[in-house]
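The structure appears right after this line, and notes come after that.
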Amino acid sequence: MSAPDLQQLTPSLHRLRIPTGPAHLLNCYLWLGADGVTLVDTGWPDSAELIADAIAALGRQRADVHRIVLTHFHEDHVGSAAEIAGWSAVEVVAGAGNAAYVSGEQRGPLPRLTELEKTIHAEIDESPHGPPCRVDRQVRDGDVLDFAGGARVIGVPGHTPGSIALYLPDADAVLTGDAVAEFDGQVILGVFNTDREAAARCLAKIAATNAQIAGFGHGEVVRVDAHERIRSATDPFAPSPQAN
Ligand SMILES: [Zn+2]
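Counting from 69, one number per residue, gives the positions in the sequence shown under my numbering.
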């Protein structure tokens, strides 16, 4: 077993790379609060032990996890949530528009890939769900969660309906899920969206947090002037004009 690949972003905010699986530079995030650990996304279905090792490396225990926030229902983000939710009295939080997909009550919509996205991922013909996970609390744009100085929920529909991002005041950081990504040194509009025009409109909303730090579902973290990078995000996988 290799050591967890952790990156400290602020005294309380840590990024954990999930090295397994096919996804581009997959991350989840850990917030170490005085009253417990909050996880933002949970990697693939086989990531729970790695996350436990990361928590131990940071001087906490798996029983200290008391909140999981899921940015959206995809398997590489929800994968280990159901398992981790069984470690202790964990509150599972998801966007109201995504909760039925996280819990498995409904099948989530398929992403609509552009021709360029198909060059990096085969056409997706089955909704990329994670193992079903209960949702204890559904949140909406503007809701505030009791960690990181009042983590503010940002509704970012587009990658999926009901996707959420979080702004963490105590870290001056935004965690975007798949609304935004880092790819080859560029900050880009996230890929594999159900509604990429809606997703593109969310960039300005995320940038309006004025966050210094941005942690993406995929790719490297931006640690300075993240809001400017997100406001000017590029779209290298945009549909070509003759498509549609
Ligand atoms: Zn996704």
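Even glycine gets a Cβ: it sits at the ideal position worked out from N, Cα and C.
All values derive from a computational prediction rather than experimental measurement.
Given residue i, which residues of its chain have a CB within under 8 angstroms of its CB, disregarding the five upstream and five downstream residues?
i	result
Gln-280	Asp-240, Ala-241, Arg-291, Val-292, Asp-293, Ala-294 and His-295
Arg-299	Leu-271, Ala-272 and Ala-275
Ala-71	Asp-121 and Ala-125
Ala-311	Since pLDDT at Ala-311 reaches only 48, below the 50 mark, its modelled position is unreliable, and no value is offered.
His-189	Leu-181, Val-259 and Phe-260
Apart from the five residues on each side of it in sequence, which residues of its chain come closer than 7 angstroms, Cβ to Cβ, to residue i?
i	result
Gly-176	Phe-141, Tyr-169, Ser-195, His-197 and Thr-228
Val-146	Thr-110, Leu-138, Val-170, Gly-198 and Cys-201
Gly-305	One point to set straight first is that residue 305 is Phe, not Gly, in the sequence displayed. So the qualifying residues of the chain are Thr-182, Leu-184, Glu-185 and Val-259.
Ala-267	Gly-226, His-227, Ala-247, Leu-257, Gly-258 and Asn-261
What residue from the options has the CA that sits closest to residue i's CA?
i	options	result
Glu-117	Ile-152, Arg-180 and Ser-308	Ile-152
Ala-282	Asn-166, Ala-249 and Pro-307	Ala-249
Asp-114	Asp-103, Ala-150 and Gly-101	Ala-150
Arg-130	Leu-74, Asp-193, Ala-190 and Ser-156	Ser-156
Glu-143	Asn-278, Asn-95 and Asp-121	Asn-95
Pro-179	Arg-264, Asp-132, Asp-238 and Ser-148	Arg-264
Leu-126	Asp-193, Asp-73 and Glu-191	Asp-73
Pro-87	Ser-80, Pro-79 and Trp-112	Trp-112
Gln-236	Ala-190, Asp-211 and Asp-193	The displayed chain sequence assigns Leu, not Gln, to residue 236. Ranking the options by Cα distance to Leu-236, first place goes to Asp-211.
Thr-302	Asp-193, Val-108, Asp-252 and Pro-309	Asp-252
Gly-154	Gly-89, Val-133 and Gly-101	Val-133
Leu-84	Arg-297, Val-289 and Pro-309	Val-289
Arg-205	Thr-78, Val-221 and Glu-191	Val-221
Ser-80	Ser-148, Val-255 and Gly-104	Gly-104
Ser-148	Ile-119, His-82 and Ile-123	Ile-119
Who are the Cβ neighbours of residue i in its own chain at under 6 angstroms, not counting the five residues just before and after it?
i	result
Arg-208	Ala-164
Thr-106	Trp-99, Arg-135 and Phe-215
His-92	His-286
Phe-284	Thr-244, Val-248, Ala-249 and Glu-250
Val-203	Val-160, Ala-162, Ala-167, Val-170 and Ser-171
Pro-307	Thr-182
Val-224	Ser-231, Ala-233, Ala-247 and Cys-270
Thr-78	Ala-239
Val-108	Tyr-97, Val-137 and Leu-243
Gln-174	Ala-168
Opposite residue i in the DSSP bridges: which residues?
i	result
Arg-202	Beta-bridge pairing links Arg-202 to no other residue.
Ile-281	Ala-241
Ala-249	Ile-256
Thr-302	Ile-256
Val-137	Val-108 and Val-161
Tyr-235	Arg-220 and Val-242
Gln-174	Bridge partners of Gln-174: none, in fact.
At least 3 beta-carbon pairs within less than 8 angstroms: the region 201-220 vs the region 252-268:
Cβ pair count under 8 angstroms is below three, so no.
Jot down the residue ranges of each uninterrupted beta strand (DSSP E) in the region 86-130, minimum 3 residues, whole runs only, in chain order.
Unbroken beta strand (DSSP E) runs of no fewer than 3 residues, entirely contained in the region 86-130, are found at 94-101 and 104-108, following chain order.
Quick one: complete beta strand (DSSP E) runs, 3+ long, within the region 208-233?
The region 208-233 contains these whole beta strand (DSSP E) runs: 219-223.
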